[in-house]
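J.: Could you have a look at this structure, given as structure tokens, before my questions?
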Amino acid sequence: MISILAAATITLPHVDYTAILPELILLGGMLFLLGVSALVSRPIPTEAYALTTAAIGMSSLIASLFLWHLVSDHGAFQAVARSMDVDGFACFGLVLVSCVVIVASFFAAGYLRQEEIRGPEYYVLALISGSGAMLMGSANDLILIFLALEILSIPLYVMAGFDHRREASAESAMKYFVLGAFSSAIFLYGIALTYGATGSTNLGEIGAFLAKNVVVSDGVLMGGLALLIVGFAFKVAAVPFHMWTPDVYAGAPTPAVGFMAAVAKVGGFMALLRVLLSTMPTLASTWQPALWVIATATLLLGATVALAQRDMKRMLAYSSINHAGFILVGVQAGTIAGAQGALYYLFAYSLLALGSFAIVNMVAGKADDGHDIDSYRGLAKRSPFVATSFAVLLLAQAGAPFTTGFFAKFYVIEAAVEAHSYALAVIAMLSAGVAVFFYLRVVLTMFASTERAADDALEGLSSDGGTTSLLTRVVSAQGTEQALKISPWMLAGLVFVLGATVVLGIWPQPLVSFAHQATLLF
Amino acid sequence: MVSGLLATATIPDAITFVIAAVIVIAGALGVVFMKNPVHSALSLIMTLFGIAVLFVEENAQFLAAVQIIVYAGAIVVLFLFVIMLLGVDRNERISVENSSAQRIGAIVLGLAVLVEVLLLGTGQWVTGAHSVTGSLTGHGANVNVIGDSLFSTYLLPFEVTSALLIVAVVAAVVLARRHDGHENVEVEIGGKEARELAASRDAAVGHDADQTSAEDEASLR
Amino acid sequence: MGHSELAAIFGVAASSSAQRAFPFLTVLVLLPAGAAFLLLLVPKSVTTAVRSIGIVTTLAVLALSAVVFGEFHSGVGGLQMTSVHPWVAPLGISWSLGVDGISLFLVVMSALLFPIALLGTGERENEKSFTVWLLLLESACLGSFLSTDVLVFFLFFEATLVPAYFIIAGWGHERRGYAATKFFVYTFVASAMLLVGIIALVFIHKSQTGVTTFSVSALANTHLSSMAGMLLLLSFTIAFVVKAPVFPFHTWSPDAYAEAPASGSIVLAGIMAKLGTYGIVRFDLALFPHAVVVIAPLLMVLGVIGIIYGGIVAAAQRDLKRLVAYSSLAHMGFIVLGAFALTSESVSGAVLQMVNHGIYTAALFLLIAMIYKRTGTFQIGPLRGLQHRAPLLAGTFTVVVMASIGVPGLNGFVGEFLILAGTFITHRWYAVVATGGIVIAAIYMLWGYQQVFHSPESEAPPEGAFPEMTWSERAVIAPLIVIIVFLGVWPAPILSRITPTVDNLVNHVVQVGHANVPAPGLPAITTQALQGGSGQ
Amino acid sequence: MSIAASWYLTLAAVVFTIGAIGLLIRRNVLVMVMCVELMLNAANLTFVTFARELNDVGGQIAVFFVLVVAAAEVVVGLGIIVAIFRRKPGATADDAHMLKG
Amino acid sequence: MIHAAFLIPAFPLAGFALLALFGKRLGNPLSGWIATALVALSFVATVIVFIALFQRAPSARIVNEPWFNWFAAGRLRVNVGLLIDPLSMTMAAFVTGVSSLIHLYSIGYMEHDEGYPKFFLYLNLFVFSMLMLVLGGNLIVTFFGWEGVGVCSYFLVAFWFGRPAATSAGKKAMIYNRIGDAGLLLGIFLVFERTGSLQYTTIFSRLGNVSGTDLVAIALLFFLGAAGKSAQLPLFPWLADAMEGPTPVSALIHAATMVTAGVYLMCRISPILHLAPDAAHTVAWIGVATAFVGAMAGCAQTDIKKVLAYSTVSQLGYMFLAVGCGAYVAAIFLMLTHAFYKALLFLGAGSVIHGMGDEQNIKLMGALRKYMPLTALTFGIGWFSIAGVPPFSGFFSKGNVLENAWSVTPALWAVGALTAVVTAYYVGREYFLVFYGSERWAKSDSELVDAGHGGHEGARGLHPHEPGRVMTIPLVVLSVAAFFGGILNLPVHPHLVFLERWLSPVVGATLFNPHDSPGKVWAFSLVEAVLALSGVVAAYFLWRDTVDRPKLEPRFLLHAWYIDAAYDRFIARPSTALATFSATVVDTKVIDGAVRGIAGVVGTIGGRLRKVQTGYVRNYALGIIGGTVVLVAYFLIRAKG
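Chains as they are written, first to last, in my numbering: chain A, 6 to 527; chain B, 158 to 378; chain C, 51 to 586; chain D, 469 to 569; chain E, 228 to 868.
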């Protein structure tokens with residue numbers, strides 16, 4: 006026995022805790038929350054949890070920035086038996102996810118207080134999911150990516166079903182879960198095929214293998230790549246793997262939607278970028294056309310179907326599909342510039358999504374219901390600040406200048422043009438043109454003082470949702486005359502999002518440099 | 158076919174493989190086509206068992222054991238537990254399908270996937286570099302090799318799985334949580350809604366069935 | 051490729067002014083926006099404070115623009131008072147501003163029209179938001195005219211949409227929502243192409259020089275294949291012709307002009323329309339000389355159709371604002387015609403006409419707003435015999451109408467004359483058809499004027515009395531009338547500042563565009579340009 | 469020597485397909501989740517086969533992780549299903565189509 | 228002294244400015260007197276410059292007076308400046324002279340009008356514009372004046388803007404003028420393109436480089452402009468309508484000065500016309516045709532001013548006949564004398580209208596010579612003058628034109644001579660209907676209701692009377708001028724052709740000289756005198772006592788050959804229909820329809836695609852598997868083996 010044990014001595018790899026510090030902070034913080042809630046007998050106000058979560062996020066942000074500092078001084082490195090890439094790219098993801106967690110905790114506080122839900126679970130789930138997204142960005146092994154994907158997704162399934170009061174919440178959780186499991190099975194099969202084709206799941210090894218060898222019979226490799234793309238495309242809601250998005254966004258609790266829109270896209274795109282750009286650049290000529298088609302379909306479907314929506318959350322869901330298309334435009338370019346564009350876009354979009362859904366939640370009020378566009382009629386009267394903020398966020402999503410939204414679009418279009426994907430660039434901008442229509446429709450509705458103005462905007466456009474009778478609209482408009490109550494927590498989060506959107510829109514240099522250097526240190 | 162199977166393998170291996178494969182496929186088909194979810198779950202165990210056999214056949218003894226213990230022993234039991242808990246062990250009317258396009262599409266596309274995967278492998282299935290992570294036939298038994306690798310190369314993934322398990326716990330808590338104070342109302346509403354829904358569903362299914370048969374009759378005439 | 055010419059177009063003209071300590075242009079652009087943000091801090095209820103901040107700011111901008119005008123060296127082509135600062139360095143975007151003969155008067159005109167738009171249209175709901183939007187719009191417009199970095203231009207160009215949208219949608223008339231959305235979406239889609247074009251040009255430039263830059267002067271050095279040049283030119287031009295608007299991309303404008311509040315119409319027609327024509331002169335001509343030469347006939351055809359068609363449709367309008375909107379279409383047609391005729395005379399005329407059109411169209415909308423304030427209608431039908439009640443208003447209206455139909459001695463004439471004379475030299479038949487436009491202009495303008503001001507007073511006068519112009523109204527309209535007359539009688543000081551820049555530009559286009567074929571004044575320009583384009 | 473890899477892989481592909489088709493045609497959510505398990509097992513079989521062929525331990529390790537994931541997924545999935553069934557006993561996947569468009 | 232030329236337009240401009248600023252405060256009589264005084268001062272300045280010019284040697288009588296650079300771009304340099312030469316000074320002198328008189332007359336005529344200061348404001352602006360037109364040193368300054376007089380004409384015709392007919396007439400005048408202006412502009416462009424200059428003196432020095440076709444084109448385009456301004460075929464219908472303006476306006480603008488601007492312009496570009504004989508012939512034929520058409524239309528009019536309006540059209544046709552024949556001096560000569568007698572006739576008509584309480588229908592007048600003897604006398608002088616009865620001024624000027632026409636082709640002469648008879652006849656008709664016959668205005672209204680538009684309330688109980696002195700003095704002065712105008716250019720002796728010698732530096736090179744045979748001159752004179760008298764006699768016999776002679780007043784002449792109606796039918800109405808069609812169908816349905824259609828299609832696509840989202844989770848899974856199949860298929864195709 007002893008000899009066996011002796012023979013089986015395992016040489017543990019060096020664990021560089023700095024390299025995984027942000028993830029550790031999130032997970033450790035999560036455990037702290039769980040522990041505190043278990044140990045303290047009195048009910049702890051949700052704001053306390055939120056503050057703790059924000060503090061955890063802040064710590065991880067600091068750790069991420071420290072890591073970033075390290076990387077930019079000493080170059081990228083791999084940690085913990087080469088399972089992790091610690092490079093500028095990963096650091097960008099760490100910083101972004103940390104920010105998302107911080108902001109989301111504020112919005113969550115407002116929501117949970119409003120719904121009178123106690124307990125740390127929401128925050129715990131968010132923290133775990135966040136750590137999954139972080140791992141997605143820095144994982145250097147397909148197995149780890151798969152695990153991270155699950156760590157990212159499973160809490161999101163739960164968050165989607167978090168609201169017990171609404172049946173839609175459970176339905177959305179079920180749909181998300183079934184489809185998510187389905188797609189991750191496909192993804193896993195893709196990993197298996199890739200493994201067989203290249204002999205490893207480690208991205209570095211795969212890259213090295215592909216760089217050194219010419220696979221003569223590359224059917225399995227191709228199949229693996231295709232299925233990997235399917236898995237990521239599902240996560241980022243690319244057409245035709247997008248169909249869960251509107252339903253889940255519509256059914257899930259609104260702040261959770263903002264969070265999931267942000268982290269799922271961040272995680273999915275970061276990993277996709279790393280796999281395609283860092284590991285399989287040699288196959289670029291193969292995967293580019295496929296992504297071209299997916300991006301085109303995503304752009305156009307997202308924009309056009311959003312036109313036909315009356316439910317604000319569904320509209321934003323389709324708009325997020327449109328945004329995914331834009332990010333895919335950057336990915337499709339297959340260049341460093343494309344990666345930069347995608348990163349910048351992710352950053353801009355994450356904050357916009359968080360902010361937008363938070364406002365949707367504010368407008369819906371208690372019970373998180375009433376997302377019909379009619380609820381927004383005259384919002385400017387009820388709360389000029391919220392209406393203006395929403396207008397800014399929506400216009401930023403449309404790509405208005407002097408917001409992050411503009412530079413985001415600019416960046417990915419630039420990448421597409423640089424890669425000579427002129428047609429895709431044009432299609433993307435056209436879809437933005439279509440998209441602007443429905444953003445404006447909301448803006449118009451919010452600032453309309455009369456009943457007619459908003460409907461005028463629909464002139465010439467047949468909308469299926471337009472069946473609501475005028476009578477009910479009048480009633481709903483009258484019913485919402487009183488001023489909007491806004492939780493200070495949400496307000497704080499909103500101010501942060503707005504500030505980032507506008508300030509980084511006017512002075513994009515820091516973020517652009519960040520994205521720029523992030524990809525230089527791949 | 159048989160000769161193909163025996164081209165490289167010994168007869169016992171071949172027999173083992175064939176039996177296991179049959180079990181696997183039969184189980185898989187059972188999962189899909191058994192009307193009663195309990196039967197499906199049992200079929201799943203069949204498949205899992207078959208696969209465990211294949212694992213042994215492929216020198217993955219440790220995995221074979223884990224397969225049985227975790228999958229058959231825990232996961233499927235969980236399924237069964239839930240089925241029993243919810244009392245949903247009644248038969249699903251598989252023959253009734255509101256959307257025939259769904260079924261046709263499912264089978265066509267599913268077979269298309271199969272054909273595609275097989276086409277992918279026509280040239281050569283395995284093209285990768287050998288023993289990148291570590292040789293299977295290295296020192297010690299299968300367990301040793303796996304353990305060694307797990308705590309060195311795959312240390313981080315291994316640690317990370319802990320997060321997954323915590324998620325499972327927290328998720329169970331969240332999903333099973335009852336709202337203090339609101340729950341009674343909820344249950345009532347839920348119960349009522351559910352009853353209505355069940356009724357309407359039955360009606361809808363029945364209606365659909367009627368309609369289908371009516372259509373069939375019409376087409377016969 | 052004539053490098054010296056490019057230097058002359060874009061190079062810093064007067065070295066003494068280049069290093070000027072005080073960044074006039076930057077302040078000019080940022081002042082209104084800054085005031086807008088300041089205004090956000092002022093409580094809504096303090097209307098007087100809001101109004102005075104708005105007025106003081108716009109007047110300060112006007113004063114500043116006067117200083118710029120004073121500092122501007124006449125008789126010199128090229129950019130002056132340039133200031134260049136890196137903005138988004140990794141992307142090669144820099145905050146670079148400069149003023150030359152093409153932009154100078156557009157800036158001054160904008161600076162003049164904004165206080166008028168603010169002052170001239172009376173009380174309104176929610177003064178604060180309105181002022182904020184208007185100030186932001188002013189910044190965006192000035193920024194567009196002054197940017198010499200293509201991307202910064204594009205940013206401001208797009209940025210004009212948002213405040214304009216809110217002004218139309220917030221303070222407009224009956225169908226404001228429809229009009230505002232149509233305006234925004236239409237122009238947004240068109241300028242989307244511009245963005246792609248800009249980026250493509252930058253990358254072609256980068257592939258040749260290895261430098262990522264959005265500077266117009268650098269980009270003008272790009273060698274473009276004839277196909278690339280053509281596509282890029284189209285992508286640029288589509289944005290500009292929609293913005294201007296040029297036939298057949300105009301249908302947003304009657305709605306937007308008609309539904310916008312008076313001040314919105316003034317800014318839309320007076321200034322924002324010029325963004326399109328300015329873009330044509332500044333970017334199309336300078337960046338794509340080869341392609342411009344090839345495609346000029348097409349755009350001139352559109353311009354000419356616009357002149358005739360705009361006039362014909364205007365003649366059938368029953369709404370004063372729509373009438374002016376269609377007349378604007380015709381006038382924009384003149385400007386486009388002049389810009390693409392590619393002679394010094396016609397391009398100078400086009401630039402001058404941008405200013406002229408801005409002035410008299412603003413005056414027209416202002417006067418129409420006065421009528422609306424008194425009668426509550428823009429419909430020509432119910433309005434009759436207003437001259438009986440308000441002879442001064444009628445007289446002022448007459449002067450503006452005469453300016454608009456190009457009566458010599460008022461400002462509309464000189465621009466139109468230069469455009470037509472210049473066009474006639476190279477493209478005789480376009481000019482011949484376009485000249486027909488001045489006949490049509492007289493028809494619809496005089497018809498509208500006659501209907502509204504002449505004839506016996508209607509038996510049931512539109513509700514209430516129709517008072518004469520108040521003193522404040524006179525004070526607002528007076529500067530415009532003075533300028534209309536002044537620019538009609540003595541436009542030489544303006545033209546002497548415009549022409550050096552335009553001459554350089556036209557020489558550049560003609561020489562580069564025609565490559566080695568010296569062909570001033572020969573009609574068969576298209577084929578030569580094709581040869582020239584492929585020969586490079 | 470043992471059975472050629474292609475046999476295993478083909479078998480895995482067949483199981484994967486059966487799982488996929490099952491998910492597409494069954495309305496019972498529990499069975500759908502079981503079908504996902506079938507697909508995961510197919511992937512596992514593929515992994516192990518490749519591991520054998522490549523003489524590499526990585527494939528087997530992957531299977532180990534998949535087991536964990538499967539367990540976690542099933543727990544959460546069943547939790548969600550329980551939550552739904554508590555509201556509407558006997559509900560099928562098709563009953564949940566309130567959200568659409 | 229020639230530098231004082233700037234004063235000539237400066238005085239009326241100052242008048243305009245004064246009245247624009249203080250018109251209302253200056254009030255009723257004062258503003259009129261100031262305006263009149265300033266125009267008179269302008270006349271004085273003209274005379275001074277005239278004399279200064281006269282004192283120079285004939286070759287030094289062409290002086291450019293540049294003021295300042297108006298605008299410049301590319302090759303185009305335009306100065307504001309004057310060209311002082313015998314032609315422009317002749318025009319300036321007669322414009323300021325006639326204007327002064329008509330200003331004076333207007334003080335009386337307009338005394339009860341509420342728009343009194345405004346009227347003089349416009350008049351002064353008109354005089355300024357007219358002076359810029361004739362004195363302009365280049366085509367653009369001329370064009371400035373050209374458009375300026377057009378605009379003033381618009382203001383003044385529509386002066387009584389409460390009357391729909393007046394405002395429509397003003398608009399019509401403006402639009403017809405604009406059509407001509409478009410032609411003129413194109414002519415200017417062509418000149419600029421071919422010679423690179425717009426300065427008259429420079430243009431003429433560079434004509435050698437211009438091809439014959441271009442010269443013809445230039446000349447015809449200028450003639451199009453002239454035809455618009457001077458109411459020639461086919462652009463004449465506006466002039467009759469323009470009679471809606473106050474009578475002094477008709478006298479000044481639509482008889483004496485503005486309408487002759489076209490003739491002036493053609494004389495001004497005589498070097499071009501001289502080099503383009505084809506164009507000249509066209510001008511001559513259009514001129515004589517207009518003369519005939521106008522004269523015939525004058526035979527059937529019932530409005531006292533419309534008779535004179537068509538007469539003006541006709542007389543202008545004579546002038547263009549002269550221009551087309553190369554007889555520029557004859558054209559100017561006729562223009563001057565015509566200014567005298569036509570202004571006289573209009574002012575006489577104005578007196579009658581004034582005295583009749585705004586009645587304009589000649590069929591409702593009669594026997595007024597008893598009440599207004601002075602008017603009758605001066606009107607008679609005007610009539611004889613226009614008829615060409617020797618020795619009235621018209622005899623000499625019209626004779627001059629006809630002689631020149633004969634020497635080009637007798638056919639032109641024949642039409643011109645026939646027109647001369649008609650001219651004498653129709654003015655005679657008017658004279659007899661107004662001043663002879665019975666006092667028809669004393670009849671009761673009921674009989675006259677259908678007779679014409681003039682039968683309004685004030686017609687009853689009228690007391691026709693001679694107007695005040697401010698109105699009679701111009702009549703007298705003008706009748707003297709109309710009588711003696713012929714001495715300006717007496718063809719009896721080479722030394723007596725003052726005008727011809729005076730103008731020769733400008734048009735001299737092209738001067739057509741038919742005076743080699745004195746016998747021929749006398750023969751022509753005799754024939755013309757006979758023709759004139761036959762017209763006078765015919766009028767006497769036909770119209771002395773008779774009011775209605777339907778056969779002599781056919782409807783198509785009353786409606787001026789239905790030309791206006793034809794324009795309305797075949798141009799105006801189709802254009803209106805086109806405009807309506809463009810606005811309602813092309814613009815809203817087609818162009819905007821395309822825009823909205825695209826938006827609609829996108830929206831519909833969105834709506835359709837939305838239905839794919841069925842809400843069934845299995846459908847979604849199907850989407851995923853479908854996407855997977857397609858994606859894998861693609862990669863399969865791309866796979867190498």
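Idealized CB from N, CA, C, for every residue including glycine.
Put residue 292 of chain E into one of helix, strand or coil per three-state DSSP.
T.: The count along the fifth sequence starts at 1 and reaches residue 292 of chain E at position 65. If DSSP states are grouped into helix, strand and coil, residue 292 of chain E belongs with the strands.
J.: Can you tell me whether residue 770 of chain E is buried or exposed, with buried defined as 16 or more other CB within 10 angstroms of its CB?
T.: As a position in the fifth sequence, residue 770 of chain E is number 543, starting the count at 1. Per the 10 Å Cβ criterion, buried.
J.: So with Cβ pairs under 9 Å, would you call residue 848 of chain E a contact of chain D?
T.: Your numbering for residue 848 of chain E matches position 621 in the fifth sequence. Yes - at least one Cβ of chain D is within 9 Å of the one on residue 848 of chain E.
J.: Counting Cβ pairs closer than 8 Å, one from the stretch 539 to 558 of chain E and one from the stretch 807 to 814 of chain E, do we hit at least three?
T.: With the cut-off at 8 Å, the stretch 539 to 558 of chain E and the stretch 807 to 814 of chain E do not touch.
J.: Hey, residue 328 of chain B and residue 543 of chain D: beta-carbon distance below 9 Å or not?
T.: In the second sequence, counting from the first residue as 1, residue 328 of chain B sits at position 171. In the fourth sequence, counting from the first residue as 1, residue 543 of chain D sits at position 75. Contact: yes.
J.: With a floor of 4 residues, list each alpha helix (DSSP H) that falls wholly inside the stretch 234 to 297 of chain B, ordered by position along the chain.
T.: Entirely contained in the stretch 234 to 297 of chain B, the alpha helix (DSSP H) runs reaching 4 residues are, in chain order, 257 to 277.
J.: Measure from the alpha carbon of residue 275 of chain B to the alpha carbon of each residue in A:45, A:144, A:224, then state which is nearest.
T.: Counted from its first residue, the second sequence places residue 275 of chain B at position 118. Of the listed residues, the one whose Cα sits closest to residue 275 of chain B is A:224.
J.: Within a Cβ cutoff of 7 Å, which residues of the same chain sit near residue 203 of chain B, ignoring the five residues on either side of it in sequence?
T.: What you label residue 203 of chain B is simply residue 46 of the second sequence in a count that begins at 1. Closer than 7 Å at Cβ, skipping near neighbours: 180, 183, 184, 187.
J.: Quick check: is the beta carbon of residue 227 of chain B nearer than 9 Å to any beta carbon in chain A?
T.: Residue 227 of chain B sits at position 70 when you count from the first residue of the second sequence. No, because no Cβ of chain A sits closer than 9 Å to the Cβ of residue 227 of chain B.
J.: Starting from residue 410 of chain A and walking both ways along the alpha helix (DSSP H), at which residues does that stretch end?
T.: Residue mapping note: residue 410 of chain A aligns to position 405 of the first sequence, counting from 1. Start and end: 409 to 423.
J.: Counting only Cβ pairs nearer than 7 Å, list the residues of chain E close to residue 452 of chain C.
T.: Working through the third sequence from its first residue, we reach residue 452 of chain C at position 402. In chain order: 378.
J.: Examine chain D for any beta-carbon lying closer than 9 Å to the beta-carbon of residue 871 of chain E, and answer yes or no.
T.: Only positions 228 to 868 of chain E appear in this structure, which leaves residue 871 of chain E out of reach.
J.: Might you give, ordered along the chain, the residues of its own chain that have their beta carbon closer than 7 Å to the beta carbon of residue 340 of chain A, omitting 5 neighbours on each side?
T.: On the first sequence, position 335 is the one that residue 340 of chain A refers to. Only 420, 423, 424 meet the Cβ criterion.
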